[in-house]
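Engineer: Top line first, the protein sequences correspond to chains A and B.
Just so you know, this note's numbering puts 165 at position 50 of the first sequence, and the rest follows in order with no gaps.
Just so you know, this note's numbering puts 157 at position 42 of the second sequence, and the rest follows in order with no gaps.
There are 2 protein chains.
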Amino acid sequence: MGIAERKSRQKEEVRCSILKASWQLVLDDGWQALSIRKIADAIEYSVPVIYDHFENKEAILLEFTRRGFQLLNEELIKARDAHKKPELQLEAIAYAYWNFAFKNKEYYQLMYGLGMPSCETVKKIDELNTFTELLLDIVKQLIGKSNHPAVDPFLKMHTFWSMLHGLISINMLGKENSRDEMNARILKDFITGFISGIKE
Amino acid sequence: MGIAERKSRQKEEVRCSILKASWQLVLDDGWQALSIRKIADAIEYSVPVIYDHFENKEAILLEFTRRGFQLLNEELIKARDAHKKPELQLEAIAYAYWNFAFKNKEYYQLMYGLGMPSCETVKKIDELNTFTELLLDIVKQLIGKSNHPAVDPFLKMHTFWSMLHGLISINMLGKENSRDEMNARILKDFITGFISGIKE
DNA sequence: TTAAAGTTCTAACAGTGTTAGAAAATATAA
DNA sequence: TTATATTTTCTAACACTGTTAGAACTTTAA
Chain A
116 MGIAERKSRQ KEEVRCSILK ASWQLVLDDG WQALSIRKIA DAIEYSVPVI YDHFENKEAI
176 LLEFTRRGFQ LLNEELIKAR DAHKKPELQL EAIAYAYWNF AFKNKEYYQL MYGLGMPSCE
236 TVKKIDELNT FTELLLDIVK QLIGKSNHPA VDPFLKMHTF WSMLHGLISI NMLGKENSRD
296 EMNARILKDF ITGFISGIKE
Chain B
116 MGIAERKSRQ KEEVRCSILK ASWQLVLDDG WQALSIRKIA DAIEYSVPVI YDHFENKEAI
176 LLEFTRRGFQ LLNEELIKAR DAHKKPELQL EAIAYAYWNF AFKNKEYYQL MYGLGMPSCE
236 TVKKIDELNT FTELLLDIVK QLIGKSNHPA VDPFLKMHTF WSMLHGLISI NMLGKENSRD
296 EMNARILKDF ITGFISGIKE
């Protein structure tokens with residue numbers, strides 16, 4: 116009999132509605148304003164129901180963190196696959212990473228704990244972000260083509276990632292007075308500098 | 116009569132004890148655990164007394180944010196004044212900035228809202244950080260000495276700052292398994308890359 | 001129809017920032 | 001010194017937060 120199936124389907128629907136409602140609340144008022152009670156209100160269930168689907172609030176945030184990294188990863192793969200040369204791949208990835216961050220501020224802020232309490236979540240970055248491997252691979256190719264084959268690819272990859280994150284997070288703080296033109300130049304400056312720094 | 120003086124002196128003492136107690140609480144358990152009631156307990160006053168000295172909790176955080184930027188600024192000036200050549204000054208500043216961040220994690224996290232709710236505070240970075248001018252000045256000198264005098268110093272300064280922040284904040288998340296050796300190499304790699312990128 | 005199982009709720013606990021208004025301590029004036 | 005005014009301090013609440021125990025209701029199985 117399909118009763119169990121129907122039940123698990125309904126359960127999945129509630130879980131889904133929790134995430135959907137949460138996301139809407141976040142879009143409306145940011146992560147700070149997200150609360151269990153507001154979610155319960157939105158899905159028209161009582162508060163404890165939420166705890167039947169998620170161990171706690173942190174688990175909900177973790178789910179979105181996972182989705183964020185998943186989405187970012189897909190974007191980066193797409194960007195890479197649009198080119199053949201590692202230089203162009205790296206450039207495309209940098210732009211894709213940048214665009215992801217600003218088109219999905221909520222995700223990015225959650226993923227890296229920018230201006231919000233998500234300490235425990237953040238420590239799981241190591242497990243969740245798979246794009247470091249993707250990046251590492253391209254950097255290795257770049258180094259292989261360069262005049263300095265002794266350069267540590269992991270170090271370079273980490274530098275690339277860190278700097279890109281820095282550019283983004285500094286620009287994400289404050290100043291609504293968008294200096295998009297400058298941001299674009301900074302990003303371009305960074306990419307060419309980084310690549311020529313490897314090629315020499 | 117010195118009654119008014121005594122009173123304002125006592126008031127100042129209470130204000131000071133609030134900040135002192137707050138800082139100890141933060142050192143013990145982090146910004147997340149700081150609460151008005153805990154502060155009140157620590158200074159042996161009732162809760163509303165705190166609101167006679169600070170408009171709200173945010174104002175307390177803002178005070179620490181100010182102190183953080185003040186301290187950082189002093190460190191950077193010290194680092195700069197230890198050298199004459201702009202290349203060495205910039206290098207010293209990068210190290211000083213890095214050291215400040217890791218020797219004063221609490222300050223740095225508050226200043227840049229890493230893993231904590233300090234949105235409103237963070238937007239005041241523009242007003243509080245004075246080291247961008249300091250940095251800009253050195254970058255200008257560097258560019259003046261270089262083969263590319265057309266390079267935008269503000270852009271380069273911003274890049275320097277952003278990347279340094281990225282290196283720090285990525286390394287501040289997670290991984291207690293300190294890879295200090297690698298961090299040192301990344302930092303060195305970044306500095307030499309940045310300077311040679313200007314000089315060309 | 002009754003017993004068991006599963007679901008959903010109300011109501012609470014302990015914590016948070018914040019504040020109105022009573023109480024106590026102090027300073028001023030008679 | 002005593003009475004009034006002022007300032008300081010506190011109690012107690014409000015409106016939130018995450019979380020959970022246990023009652024109530026619904027559904028399933030015998």
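Quick reminder that beta carbons are idealized off the backbone N, C-alpha and C, glycines included.
Please read these numbers as outputs of a predicted model, since none were measured by experiment.
#1: Is the Cβ of A/ASP156 closer than 7 Å to any Cβ of chain B?
#2: My assumption, with CB atoms under 8 Å, is that A/LEU140 sits in contact with A/ALA157. Please give the rounded CB distance.
#3: Name the chain A residues that come within less than 9 Å of B/GLY308, Cβ to Cβ?
#4: Suppose the cutoff is 7 Å on Cβ atoms and the five residues either side in sequence are ignored; what does the same chain contact list for B/LEU142 look like?
#5: Give every residue of the same chain whose Cβ lies closer than 6 Å to the Cβ of A/ASN292, excluding the five residues on either side of it in the sequence, and list them in chain order.
#6: With a cut-off of 7 Å, does the C-beta of B/LEU71 fall near any C-beta of chain A?
#7: Measure from the alpha carbon of B/ALA148 to the alpha carbon of each residue in A/LEU279, A/PRO232, A/GLU248, then state which is nearest.
#8: With which residues is B/LEU229 paired in a DSSP beta bridge?
#9: Expressed to the nearest angstrom, what Euclidean distance is found between the alpha-carbon atoms of B/PHE184 and A/VAL129?
#10: B/MET272 and B/LEU251 - do their beta-carbons sit closer together than 7 Å?
#11: From B/TYR166 to B/THR274, what distance separates their C-alpha atoms?
#12: So which residues of chain A does B/ARG332 contact, with C-beta pairs closer than 7 Å?
#13: Closer than 7 Å, CB to CB, is A/ILE208 near chain B or not?
#14: What first and last residue would you give for the alpha helix (DSSP H) that runs through B/LEU203?
#15: What would DSSP say about B/HIS198, mapped onto helix, strand or coil?
#16: Any C-beta of chain B sitting closer than 7 Å to the C-beta of A/ASP144?
#17: In chain order, which continuous runs of the alpha helix (DSSP H) of length 4 or greater are located wholly inside the stretch 138-177 of chain A?
#18: At least one CB of chain A closer than 7 Å to the CB of B/MET278: is that the case?
#19: Go through its chain and collect everything with a Cβ distance to A/ILE301's Cβ below 7 Å, but skip five positions before and after it.
#20: Here's the rule I'm using: 16 or more other beta-carbon atoms within 10 Å means buried, otherwise exposed. How should B/LYS260 be labelled?
#21: Three-state secondary structure (DSSP) at A/ALA119?
#22: Alpha carbon to alpha carbon, how far is B/SER150 from B/LEU186?
#23: If distances are taken between C-alpha atoms only, which option among A/MET287, A/PHE217, A/TRP213 comes closest to A/LYS303?
#24: What are the boundary residues of the alpha helix (DSSP H) that B/VAL254 is part of?
#25: Quick check: what's the CA-CA separation for A/LYS153 versus A/GLU159?
#26: With a cut-off of 7 Å, does the C-beta of B/GLN147 fall near any C-beta of chain A?
#27: Write down the C-beta distance between B/LEU229 and B/MET297 rounded to the nearest angstrom, noting that I regard them as a contact closer than 8 Å.
#28: Would you check if the distance between the CB atom of B/PRO268 and the CB atom of B/LYS255 is smaller than 7 Å?
Structural biologist: Based on what the coordinates show:
#1: Among the CB atoms of chain B, none fall inside 7 Å of the CB of A/ASP156.
#2: Their Cβ separation, rounded to whole angstroms, is 7 Å, which keeps A/LEU140 and A/ALA157 in contact under 8 Å.
#3: THR274, GLY308, PHE309, GLY312
#4: Setting aside the 5 residues that flank it on each side, B/LEU142 is surrounded in the same chain by GLU221, each with a C-beta closer than 7 Å to its C-beta; the list follows chain order.
#5: For A/ASN292, the predicted structure reports a pLDDT of 49, less than 50, and the residue's modelled location is therefore unreliable. A value from the coordinates is still provided. Around A/ASN292: no qualifying Cβ.
#6: Examination of residue 71 of chain B is not possible in this model, given that chain B is present from 116 through 315 alone.
#7: It is A/PRO232.
#8: A/LEU229
#9: C-alpha separation (whole angstroms): 47 Å.
#10: yes
#11: Here the alpha carbons of B/THR274 and B/TYR166 stand approximately 40 Å from one another.
#12: No information on residue 332 of chain B is available, as it lies outside the stretch 116 to 315 that chain B covers here.
#13: no
#14: 201-218
#15: coil
#16: With 7 Å as the cut-off, A/ASP144 does not count as an interface residue toward chain B.
#17: Counting only runs that start and end inside the stretch 138-177 of chain A, the alpha helix (DSSP H) elements of at least 4 residues fall at 151-158, 162-168.
#18: yes
#19: LEU282
#20: exposed
#21: helix
#22: 24 Å
#23: The option with the nearest alpha carbon to A/LYS303 is A/TRP213.
#24: 246-260 is the extent of the alpha helix (DSSP H) around B/VAL254.
#25: One Cα belongs to A/LYS153, the other to A/GLU159, and the distance between them is close to 10 Å.
#26: yes
#27: That belief does not hold up - the Cβ atoms of B/LEU229 and B/MET297 are roughly 20 Å apart, past 8 Å.
#28: yes
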